[in-house]
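Visitor: Residue 31 in numbering that gives the first Met the number 0 sits at position 32 of the sequence shown, with consecutive numbering throughout.
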Amino acid sequence: MKTTTVMLLIGTTLLLGNPVLAEEHGQEATQHLDQAVERGTKGDAAGAAVHTEEAQKHVIEQNAEHPYTQPSKQITGENPKAEHDKATFDQMRKATGHAKKGHGKEAGTAAGKAATHLQEKEQSK
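(1) Just verifying my parser: in three-state terms, what is the DSSP assignment at THR46?
(2) Determine the closest residue to ALA44 out of MET91, ALA81, HIS97, ASP84, with distance taken between C-alpha atoms.
(3) Would you grab the beta carbon distance between VAL36 and LEU117 for me? Rounded to a whole angstrom, and I think it's under 8 Å.
(4) Smallest Cα separation from ALA81: which of LYS120, ALA94, THR51?
(5) If you draw a straight line from the C-alpha of THR40 to the C-alpha of GLN122, how long is it?
(6) Which whole-angstrom value is the C-beta distance of ALA47 and GLY111, which I expect to be below 8 Å?
(7) What is the rounded straight-line gap between the Cα of ARG38 and the Cα of HIS102?
(8) How is the alpha helix (DSSP H) around LYS112 delimited, first residue to last?
(9) Can you list, in chain order, the residues of its chain with a C-beta nearer than 7 Å to that of VAL5? Leave out the 5 residues immediately preceding and following it.
(10) Please report the residue range of the alpha helix (DSSP H) in which LYS100 lies.
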């Protein structure tokens, strides 16, 4: 009986992903984006780039561990998680681009917008 229960739990975890790990990656990404904003505000473009890239890795891991489905035909407002996810990656790309050009404040602003979209994604259905 115990073996069956353990196997069922393992199978369910593999099938549905591990929401606990996904949540941890979301928190790590948020922390890195907050640090990117702080570094960007201080004019440290290189620091903002490093933290934004780390945040991006965590968001990718979060999506891999707890995926959501995207419809083949995109209708605005139909899948808010996907829309906020796309906006998060767009803003992180902008933050990294600004940081590589040495524009720390702009990188921090874009990282802040990415953090906002990430939080809204977490709160979406």
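The C-beta atom is built at its ideal place from N, Cα and C for all residues, glycine as well.
In this text the structure is predicted, and so the values were computed from the model without any measurement.
Guide: According to the structure data:
(1) What you label residue 46 is simply residue 47 of the sequence shown in a count that begins at 1. A small correction: the amino acid at residue 46 is Gly; Thr does not occupy that position in the sequence shown. Helix.
(2) Residue 44 sits at position 45 when you count from the first residue of the sequence shown. Ranking MET91, ALA81, HIS97, ASP84 by CA distance to the CA of ALA44 puts HIS97 first.
(3) On the sequence shown, residue 36 is found 37 positions in, with the first residue counted as 1. On the sequence shown, residue 117 is found 118 positions in, with the first residue counted as 1. Between LEU117 and VAL36 the Cβ distance is about 12 Å, and since that is not below 8 Å, they are no contact.
(4) Translated into positions along the sequence shown, residue 81 becomes position 82. That would be LYS120, whose Cα lies nearest to the Cα of ALA81.
(5) Residue mapping note: residue 40 aligns to position 41 of the sequence shown, counting from 1. Residue mapping note: residue 122 aligns to position 123 of the sequence shown, counting from 1. Looking at the two C-alpha atoms, the distance is approximately 27 Å.
(6) Within the sequence shown, numbered from 1, the residue matching residue 47 stands at position 48. Within the sequence shown, numbered from 1, the residue matching residue 111 stands at position 112. Not really, about 10 Å apart at Cβ, beyond 8 Å.
(7) Mapped onto the sequence shown, residue 38 falls at position 39. Mapped onto the sequence shown, residue 102 falls at position 103. Computed Cα separation, rounded: 11 Å.
(8) On the sequence shown, position 113 is the one that residue 112 refers to. Counting along the chain, LYS112 sits inside the alpha helix (DSSP H) bounded by residues 103-122.
(9) Along the sequence shown, one-based indexing puts residue 5 at 6. The predicted position of VAL5 is uncertain, since its pLDDT is 47 and thus under 50; a value taken from the coordinates is nonetheless stated next. A distance below 7 Å between beta-carbons, with the five flanking residues on each side excluded, links VAL5 to no residue of its chain.
(10) For this step, residue 100 is matched to residue 101 along the sequence shown. Element bounds for LYS100: n/a, residue is neither H nor E.
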